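I have placed the structure first, in the form of structure tokens, so that the comments after it can refer back to it.
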Amino acid sequence: MSCHPFIAPRSEIIECICNTKLFRNTVMLVAITNSDTLLQRPRSSSAILSTFVGRHYNGGIFSRGRIGQDIKVDTSKDSAKEIAALQNYLDEEQERLVDIRRSIQQLEKRLNSVKTDYDRVKRNEQNLKTDIGPLEEKIEGLEKRLKEQKVRAKEAAADERAVEKAKQKVAELEKG
Numbered sequence: 001m002s003c004h005p006f007i008a009p010r011s012e013i014i015e016c017i018c019n020t021k022l023f024r025n026t027v028m029l030v031a032i033t034n035s036d037t038l039l040q041r042p043r044s045s046s047a048i049l050s051t052f053v054g055r056h057y058n059g060g061i062f063s064r065g066r067i068g069q070d071i072k073v074d075t076s077k078d079s080a081k082e083i084a085a086l087q088n089y090l091d092e093e094q095e096r097l098v099d100i101r102r103s104i105q106q107l108e109k110r111l112n113s114v115k116t117d118y119d120r121v122k123r124n125e126q127n128l129k130t131d132i133g134p135l136e137e138k139i140e141g142l143e144k145r146l147k148e149q150k151v152r153a154k155e156a157a158a159d160e161r162a163v164e165k166a167k168q169k170v171a172e173l174e175k176g
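First residue of the sequence shown: 1, per UniProt numbering; consecutive thereafter.
What follows is the structure, given as structure tokens:
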């Protein structure tokens, strides 16, 4: 972290630490920004108190500070490493979330496609079932007619022996 003798806009400040121990009516304002920059600026106690109303940010909660009280903050590199590791973990989880959402979207598209295909196949099946009944009745009727036609064909077919006998009779009658 680098130190700068100015203050960043409030939107960039992540953590504000006020060392409110008075020394000739001044205090040191320390703030950590989004860019991991440590900002320090001596300010008068009245300016600090009017800006932060005697409160400081400590571990996710605001707690009230008192004039003359030292506020101890862990500014070691271990904290920065932990924050960086947590940020990396957060980034990885966000990427994973995006991938999962993308997969869900693709699966929903595929599911809708399969549902449409299923509905189409179901309608075709119902249409075919309604067509099967009358066709089965036609098959039975046609088989019955085929049997009748076979019987008639046999009856209508000339007997070869009878035809031979008839030819012989015709031949005898023509000779005689």
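Just so you know, even glycine gets a beta-carbon here, dropped at the ideal spot from N, CA and C. Please read all numbers here as calculations on a predicted model, not as lab measurements.
| Would lysine 138 count as contacting chain D if we go by Cβ distances under 8 Å? | No chain D appears in this structure, which consists of one protein chain only.
| message | Please report the distance separating the alpha-carbon of aspartate 91 from that of lysine 109. | response | Taking the straight line from one Cα to the other gives about 27 Å.
| field | Helix, strand or coil at aspartate 159 according to DSSP, with G and I counted as helix | value | Here aspartate 159 sits in coil by DSSP.
| For serine 76, three-class secondary structure by DSSP | Coil at serine 76, not helix or strand.
| query | Which residues in the same chain as alanine 158 place their Cβ atom closer than 7 Å to its Cβ, once the five residues preceding and following it in sequence are excluded? | reply | Within the same chain, no Cβ atom closer than 7 Å to the Cβ of alanine 158 is found once the five residues on either side in sequence are excluded.
| Contacting residues, own chain, Cβ-Cβ under 7 Å from isoleucine 139 (five flanking each side not counted) | Around isoleucine 139: no qualifying Cβ.
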